[in-house]
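Enquirer:
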Amino acid sequence: MTTEAAPTQPHPLDPLTVEEVRTATAIWRADERIPDHIVVHVAALHEPTKDELAAHSPGAPVDRRVRYLLRCPQSGIAYNVVVSVSRGAIDSLEMAEDSHPPYGAMELYAAGEAARNDPRFIAGCRTRGVDDMTTVQLDPWPAGRFDEPWETLDDGRTRRIARVVGYWRADKADNGYAHPLDGLVATVDLDTKEVIDVLDIDPRPVPRTLSRYDGEHARPPRGTAKAIEITQPHGTSFVVTGNHVSWEGWSLRFSVHPVTGLVIQNVTYRGRSIAHRLSVSEMVVPYAGLSPSTRWKNTFDAGELSMGKFVNSLTLGCDCVGEITYADQVFADDWGNPYLVKNAVCLHEEDHGLAWKHTDLHSGGVESRRSRRFVVNSVITAGNYEYAFRWYFYTDARIQLEVQLSGIIQTERTNDDGTAPVGTRLVLPGLAGAHHQHLFCARLDLDIDGRGNSIVETEVVPTGGHTWEQSETVIDTEGPRDGNAAAGRRWKIINPSVRNGLGEPVGYELVPASTPTMIATDETSVARRAAFARHALWVTAYHPGEMHAASDYANLNPGLTGLPTWVKQQRPVVDTDVVLWHTFGSTHVVRPEDFPVMPVEVTGFTLRPHGFFAENPALDIDPPSHCHHDG
Ligand code: NI
Numbered sequence: 004m005t006t007e008a009a010p011t012q013p014h015p016l017d018p019l020t021v022e023e024v025r026t027a028t029a030i031w032r033a034d035e036r037i038p039d040h041i042v043v044h045v046a047a048l049h050e051p052t053k054d055e056l057a058a059h060s061p062g063a064p065v066d067r068r069v070r071y072l073l074r075c076p077q078s079g080i081a082y083n084v085v086v087s088v089s090r091g092a093i094d095s096l097e098m099a100e101d102s103h104p105p106y107g108a109m110e111l112y113a114a115g116e117a118a119r120n121d122p123r124f125i126a127g128c129r130t131r132g133v134d135d136m137t138t139v140q141l142d143p144w145p146a147g148r149f150d151e152p153w154e155t156l157d158d159g160r161t162r163r164i165a166r167v168v169g170y171w172r173a174d175k176a177d178n179g180y181a182h183p184l185d186g187l188v189a190t191v192d193l194d195t196k197e198v199i200d201v202l203d204i205d206p207r208p209v210p211r212t213l214s215r216y217d218g219e220h221a222r223p224p225r226g227t228a229k230a231i232e233i234t235q236p237h238g239t240s241f242v243v244t245g246n247h248v249s250w251e252g253w254s255l256r257f258s259v260h261p262v263t264g265l266v267i268q269n270v271t272y273r274g275r276s277i278a279h280r281l282s283v284s285e286m287v288v289p290y291a292g293l294s295p296s297t298r299w300k301n302t303f304d305a306g307e308l309s310m311g312k313f314v315n316s317l318t319l320g321c322d323c324v325g326e327i328t329y330a331d332q333v334f335a336d337d338w339g340n341p342y343l344v345k346n347a348v349c350l351h352e353e354d355h356g357l358a359w360k361h362t363d364l365h366s367g368g369v370e371s372r373r374s375r376r377f378v379v380n381s382v383i384t385a386g387n388y389e390y391a392f393r394w395y396f397y398t399d400a401r402i403q404l405e406v407q408l409s410g411i412i413q414t415e416r417t418n419d420d421g422t423a424p425v426g427t428r429l430v431l432p433g434l435a436g437a438h439h440q441h442l443f444c445a446r447l448d449l450d451i452d453g454r455g456n457s458i459v460e461t462e463v464v465p466t467g468g469h470t471w472e473q474s475e476t477v478i479d480t481e482g483p484r485d486g487n488a489a490a491g492r493r494w495k496i497i498n499p500s501v502r503n504g505l506g507e508p509v510g511y512e513l514v515p516a517s518t519p520t521m522i523a524t525d526e527t528s529v530a531r532r533a534a535f536a537r538h539a540l541w542v543t544a545y546h547p548g549e550m551h552a553a554s555d556y557a558n559l560n561p562g563l564t565g566l567p568t569w570v571k572q573q574r575p576v577v578d579t580d581v582v583l584w585h586t587f588g589s590t591h592v593v594r595p596e597d598f599p600v601m602p603v604e605v606t607g608f609t610l611r612p613h614g615f616f617a618e619n620p621a622l623d624i625d626p627p628s629h630c631h632h633d634g
C-alpha cells in the first residue's frame with residue numbers, strides 16, 4: 004500500500020475538513036437571518052453537480068461548499084443553508100415551516116432524561132419492580148406518525164416528539180434488552196423537553212433473568228482456534244490518495260455521509276465510467292409486534308437518526324484484519340463544531356477464492372486464478388443494532404454491496420402463559436423478540452460509459468419445450484418495478500450509444516437481492532412513510548435534489564414523500580441520465596440464536612458487467628505466485 008501526500012488543492016469530492024466545517028459554521032452564524040439558538044442537524048459536503056465535476060481539472064481551484072440542515076426549537080423553522088467556504092458566502096438559504104430534519108444527539112439524550120425525571124414514568128418503573136432510576140437504560144425512539152392527538156400543535160404544525168422506552172440493568176454493563184420495562188412509553192416534546200404523554204399499560208414485574216455477552220460474562224472461550232495471520236509481505240496492491248483509491252483497474256472515491264453513511268463516487272474501471280455515485284439513501288425497520296412498547300417502532304435510521312454520524316472507530320485485529328488502511332471522517336455536532344471520527348472507514352484487499360479455473364483433460368494443462376476484492380468498510384451502531392456496510396470491487400469488474408447486521412434485537416415480555424405474543428418469538432423463558440424487517444434503499448447513479456443510459460428489464464421466458472430465452476424490455480418512463488425471482492428478473496443499465504465488439508449496447512446488470520419488500524399493508528403508517536420499501540426497484544430521471552428515498556425531511560413526516568412523489572412527473576428514462584433505487588434487506592424472523600447478541604446476518608446486491616466487455620475481464624489477472632503442484 005502506498006499513501007501519497009494529499010495534493011494542496013482539494014478534489015471537489017474530498018471529505019470536509021475540521022477547518023472547513025469551522026469556517027462554514029462561522030459564516031452562517033454571522034448571518035442575521037439565522038437565530039443564535041439553533042440546532043445543527045446535518046452538515047455535509049455540498050457535492051458539485053455532474054457538470055461541475057466533469058469540468059474540474061486536477062489542481063484547479065475548487066469551490067468548497069457545506070450544506071446545513073438547521074432548526075430553531077423556538078420557531079420550529081428549518082433552514083436549508085449552503086455555504087461556500089472558498090468564497091466566504093451563503094449561496095442559498097431556504098426556510099421550511101413544517102419540515103423535520105433528523106434528530107440531534109442532544110435532543111435524544113434530553114428525551115431520555117425527561118423520562119427519567121418524570122413522576123409518571125418513575126411510578127411506572129416502580130410498579131414493574133424497579134425503584135432505582137439510575138438502573139434504568141432509556142432508549143429514545145423516533146415517534147413516527149400514528150394520528151395521536153399530541154402529534155399536532157394548536158397551529159397545525161407537526162410537533163417534534165420522540166418516544167422513550169426503558170430497560171432495567173443489573174449493573175452498568177448488563178444487557179438491558181433482557182429486562183424490558185414493557186408497556187411503559189414516554190412521549191417527549193423535544194422543543195420544550197416536556198413529557199407530554201406516559202403510556203402505562205398492564206404493568207408486570209420486569210424479567211430479571213440475566214443474558215449477557217460481554218467479555219466477563221460470555222461463555223468460556225473454546226481455546227481451540229490457532230492464529231490466522233493475513234500478511235502482504237510485499238505490500239498491498241492499492242494506492243490511497245486522500246479519499247481516492249486505485250486498485251486493479253478500479254478508480255473510486257469514498258466518504259461517510261452524516262445521514263446515509265458510506266458513499267462511493269466517480270467509479271471507473273480501466274478509465275471507463277461505471278458509476279457517478281453509489282450509496283444507501285434511506286432505510287426503515289418496521290416491527291411486527293403488537294405490544295404497546297413495540298407496535299409504533301419503525302425507525303428510519305438515515306432520515307430520522309442520521310446514522311452516518313454513528314460510524315464506529317474501527318480497530319485493527321478486531322473489526323478488520325490484515326494490511327488495513329484507515330480513513331477518518333469529520334462531522335459537525337449539534338452546535339456546528341467539527342469533530343473527527345478516527346478510523347471511520349477501513350480499506351483493504353481480500354483473497355476471494357477462485358476467479359476462474361479449467362483443467363484441460365486433453366492436454367493435462369491446468370489454469371486457475373485467484374479472485375480478489377477491494378473492500379471499503381464501515382460499521383454503524385444505530386441504537387441496539389450494528390450495520391456494517393461493505394462495498395466490494397472485484398478483479399472481474401463486479402461491484403457488490405454487502406450489509407452485515409448484528410447487535411441486539413428488540414425484546415418484549417411474553418403472554419401470561421409464557422407463550423410468544425403475535426409477531427414475536429421466544430428468545431428466553433419470559434422474553435420474546437419481535438419479528439421485523441431491515442429494508443435498505445440503495446441509490447445507484449450509474450453512468451455506463453457516459454450519462455446517456457437506459458434501463459432494460461430482463462427475465463427468462465420459456466419458448467417451447469426445453470428452449471428458453473432472456474426477454475428484454477426497455478423501461479421508458481420512471482416508476483416502481485417489483486421483483487420476480489421465479490422469472491430471474493433483473494435490470495440491466497445499458498448505454499445505447501456505445502457498442503461492444505458484438506455490436507450490442509454495453510451494460511451492467513443489477514442482480515437484485517430478491518428479498519421481501521415491505522410486508523406491512525399499504526394503509527399502515529409505516530408503508531405510507533416508507534413507500535420506497537414497497538417495491539424492489541424504482542427508476543427515476545437524474546435530479547441532483549433527489550437524494551433520499553423518503554425526502555430530506557423523512558422525520559415525523561406523514562408520508563408518500565420522496566420517490567412516490569418524484570415519479571409522478573413521469574419523466575422519460577430512455578437514453579438519458581437515469582438513477583436506480585433498489586430496495587433490499589433482511590426479513591428478520593427472530594430465532595433463539597439471535598439472543599443475547601445476534602450472529603451476523605448478511606444481505607445485499609451485485610452489479611456485474613453484462614456485455615460491458617468482449618471477454619472475461621479477469622483473463623489477465625496475475626497467476627498465483629505460490630501454486631504448489633505435487634510431482
Ligand atoms: Ni434484525
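According to the numbering used here, the sequence shown is numbered sequentially starting from 4. Glycine residues also receive a C-beta, built at the ideal position from the N, C-alpha and C atoms. Owing to the predicted nature of the structure, the values given are computational and were not obtained by experimental measurement.
#1: Answer yes or no: do Val463 and Thr476 have a C-beta to C-beta separation smaller than 8 Å?
#2: Does the ligand NI have a heavy atom nearer than 7 Å to the CB of Ile411?
#3: Verify whether the separation of the beta carbon atoms of Gln140 and Lys300 is less than 8 Å.
#4: When we look at the beta-carbon of Asp448 and count the other beta-carbons within 10 Å, is it buried (16 or more) or exposed?
#5: Assuming Leu317 and Asn340 form a contact by the criterion Cβ under 8 Å, report the distance between their Cβ atoms to the nearest whole angstrom.
#6: Are the CB atoms of Val262 and Gly218 nearer to each other than 8 Å?
#7: Could you tell me which uninterrupted beta strand (DSSP E) segments, each at least 3 residues in length, are contained entirely in the stretch 259-292, listed from first to last along the chain?
#8: So, using beta-carbon positions, are Val42 and Gly115 closer together than 8 Å?
#9: State yes or no: is the C-beta of Cys349 within less than 8 Å of the C-beta of Ile327?
#10: As an exercise, report each continuous alpha helix (DSSP H) stretch of at least 4 residues that is fully enclosed by the stretch 66-148, in chain order.
#11: Does the stretch 550-560 come close enough to the stretch 519-527 that 3 or more CB-CB pairs lie under 8 Å?
#12: Short check: CB of Phe313 to CB of Ala221, under 8 Å?
#13: Quick one: residues in its chain with C-beta nearer than 6 Å to the C-beta of Ser254, no 5 flanking neighbours on either side, listed in chain order?
#14: Roughly how many whole angstroms lie between the Cα atoms of Val266 and His237?
#15: On a Cα-Cα basis, can you pick out the residue from Ser282, Gly504, Lys495 that is closest to Gly510?
#16: To the nearest angstrom, how far is the alpha carbon of Val288 from that of Gly325?
#17: Does the count of Cβ pairs from the stretch 434-442 and the stretch 557-564 closer than 8 Å reach three?
#18: For Asn498 versus Gly453, is the C-beta distance shorter than 8 Å?
#19: Is the stretch 58-67 close to the stretch 368-376, with three or more CB pairs under 8 Å?
#20: DSSP on Ile327, reduced to helix/strand/coil?
#21: Are the beta-carbon atoms of Leu429 and Ala536 separated by less than 8 Å?
#22: What is the rounded straight-line gap between the Cα of Ala391 and the Cα of Pro620?
#23: Can you list, in chain order, the residues of its chain with a C-beta nearer than 7 Å to that of Gly426? Leave out the 5 residues immediately preceding and following it.
#24: If I measure Cβ to Cβ from Pro18 and keep anything under 7 Å in the same chain, skipping five residues before and after, which residues do I get?
#25: In the stretch 355-419, which residue ranges form an unbroken beta strand (DSSP E) of at least 3 residues, counting only runs that do not cross its ends?
#26: Please list, in chain order, all residues of the same chain as Thr234 whose beta carbon is under 8 Å from its beta carbon, the five residues on each side excluded.
#27: Considering Cα atoms alone, identify which of Arg74, Leu404, His44 is closest to Ala308.
#28: For Glu55, which of helix, strand or coil comes out of DSSP?
#29: Taking three-plus beta-carbon pairs below 8 Å as touching, is the stretch 400-420 in contact with the stretch 194-203?
#30: Could you give the residue range of the alpha helix (DSSP H) that holds Asp30?
#31: Should Leu308 be counted as a contact of the ligand NI given a C-beta to heavy atom distance under 7 Å?
#32: Suppose contacts are defined by Cβ-Cβ distances below 8 Å. Is Gly186 in contact with Ser296 by that definition?
#33: Please list, in chain order, all residues of the same chain as Cys75 whose beta carbon is under 6 Å from its beta carbon, the five residues on each side excluded.
#34: Residues in the same chain with beta-carbon distance under 6 Å from Arg484, minus the five sequence neighbours each way, listed in chain order, please.
#35: Mind checking whether the beta-carbon of Leu408 lies closer than 7 Å to any heavy atom of the ligand NI?
#36: Can you say whether Arg163 is buried or exposed, counting buried as having 16 or more other CB atoms within 10 angstroms of its CB?
Expert: Short version:
#1: Residue numbering aside, residue 463 sits at position 460 when the sequence shown is read from its first letter. Residue numbering aside, residue 476 sits at position 473 when the sequence shown is read from its first letter. Against a cut-off of 8 Å, the Cβ pair of Thr476 and Val463 comes out as no contact.
#2: As a first step, residue 411 must be located in the sequence shown, where it is residue number 408. Not one heavy atom of the ligand NI sits closer than 7 Å to the Cβ of Ile411.
#3: Sequence index remark: in the sequence shown, residue 140 carries index 137 (1-based). Sequence index remark: in the sequence shown, residue 300 carries index 297 (1-based). No, the pair does not count as a contact, with Cβ atoms beyond the cut-off.
#4: Stepping through the sequence shown from its first residue, residue 448 is reached at position 445. Burial call: buried.
#5: Residue mapping note: residue 317 aligns to position 314 of the sequence shown, counting from 1. Residue mapping note: residue 340 aligns to position 337 of the sequence shown, counting from 1. Their Cβ separation, rounded to whole angstroms, is 23 Å, which puts Leu317 and Asn340 out of contact at 8 Å.
#6: Within the sequence shown, numbered from 1, the residue matching residue 262 stands at position 259. Within the sequence shown, numbered from 1, the residue matching residue 218 stands at position 215. No.
#7: 264-272, 275-289
#8: To locate residue 42, count along the sequence shown from 1; it is residue 39. To locate residue 115, count along the sequence shown from 1; it is residue 112. No, the Cβ-Cβ distance between Val42 and Gly115 is not below 8 Å.
#9: The count along the sequence shown starts at 1 and reaches residue 349 at position 346. The count along the sequence shown starts at 1 and reaches residue 327 at position 324. Their beta carbons are under 8 Å apart, which means Cys349 touches Ile327 by this criterion.
#10: Scanning the stretch 66-148 from its first residue to its last, the whole alpha helix (DSSP H) runs of 4-plus residues come out as 108-119, 122-130.
#11: no
#12: Numbered from 1 along the sequence shown, position 310 holds the residue referred to as residue 313. Numbered from 1 along the sequence shown, position 218 holds the residue referred to as residue 221. Not in contact: Phe313 and Ala221 (Cβ atoms no closer than 8 Å).
#13: Within the sequence shown, numbered from 1, the residue matching residue 254 stands at position 251. Taken in chain order, the residues that qualify are Thr271.
#14: Looking up residue 266 in the sequence shown gives position 263. Looking up residue 237 in the sequence shown gives position 234. Going from the Cα of Val266 to the Cα of His237 covers about 30 Å.
#15: For this step, residue 510 is matched to residue 507 along the sequence shown. Checking every option, the nearest Cα to that of Gly510 belongs to Lys495.
#16: Against the sequence shown, residue 288 aligns to sequence position 285. Against the sequence shown, residue 325 aligns to sequence position 322. So the two alpha carbons sit approximately 33 Å from each other.
#17: no
#18: Residue 498 sits at position 495 when you count from the first residue of the sequence shown. Residue 453 sits at position 450 when you count from the first residue of the sequence shown. Yes.
#19: no
#20: The residue given as residue 327 occupies position 324 in the sequence shown. Coil at Ile327, not helix or strand.
#21: Working through the sequence shown from its first residue, we reach residue 429 at position 426. Working through the sequence shown from its first residue, we reach residue 536 at position 533. The answer is no: Cβ separation not under 8 Å.
#22: As a working mapping, residue 391 is identified with position 388 in the sequence shown. As a working mapping, residue 620 is identified with position 617 in the sequence shown. When rounded, the distance between both Cα atoms is 29 Å.
#23: Indexing the sequence shown from 1 puts residue 426 at position 423. Excluding residues within five positions, the ones whose Cβ falls inside 7 Å are Ala291, Gly292, Leu293, Ala437, His438.
#24: To locate residue 18, count along the sequence shown from 1; it is residue 15. These residues qualify, in order along the chain: Leu48, Asn246, Ser258, Gln332, Val333.
#25: 369-385, 388-397, 402-410, 414-416
#26: In the sequence shown, the residue the question calls residue 234 occupies position 231. Once the five neighbours on either side are set aside, the close Cβ partners of Thr234 are Gly325, Glu326.
#27: As a position in the sequence shown, residue 308 is number 305, starting the count at 1. Residue 308 is actually Leu in this sequence, not Ala. The candidate whose alpha carbon is nearest that of Leu308 is His44.
#28: What you label residue 55 is simply residue 52 of the sequence shown in a count that begins at 1. Here Glu55 sits in helix by DSSP.
#29: The stretch 400-420 vs the stretch 194-203: no contact.
#30: Residue numbering aside, residue 30 sits at position 27 when the sequence shown is read from its first letter. Here residue 30 turns out to be Ile, not Asp, going by the sequence shown. Boundaries of the alpha helix (DSSP H) harbouring Ile30: 21-32, taken from the DSSP string.
#31: What you label residue 308 is simply residue 305 of the sequence shown in a count that begins at 1. Checking every heavy atom of the ligand NI against the Cβ of Leu308, none is found closer than 7 Å.
#32: Taking the first residue of the sequence shown as position 1, residue 186 is located at position 183. Taking the first residue of the sequence shown as position 1, residue 296 is located at position 293. Yes, they are a contact pair.
#33: In the sequence shown, counting from the first residue as 1, residue 75 sits at position 72. Here the set comprises Pro38, Ile41.
#34: As a working note, residue 484 is residue 481 in the sequence shown. The answer, listed in chain order, is Leu540.
#35: For the purposes of this step, residue 408 is taken as the residue at position 405 of the sequence shown. Yes; taking the cut-off as 7 Å, the Cβ of Leu408 has a heavy atom of the ligand NI nearer than that.
#36: Sequence index remark: in the sequence shown, residue 163 carries index 160 (1-based). Looking at its Cβ environment, which holds 16 or more other Cβ atoms inside 10 Å, Arg163 is buried.
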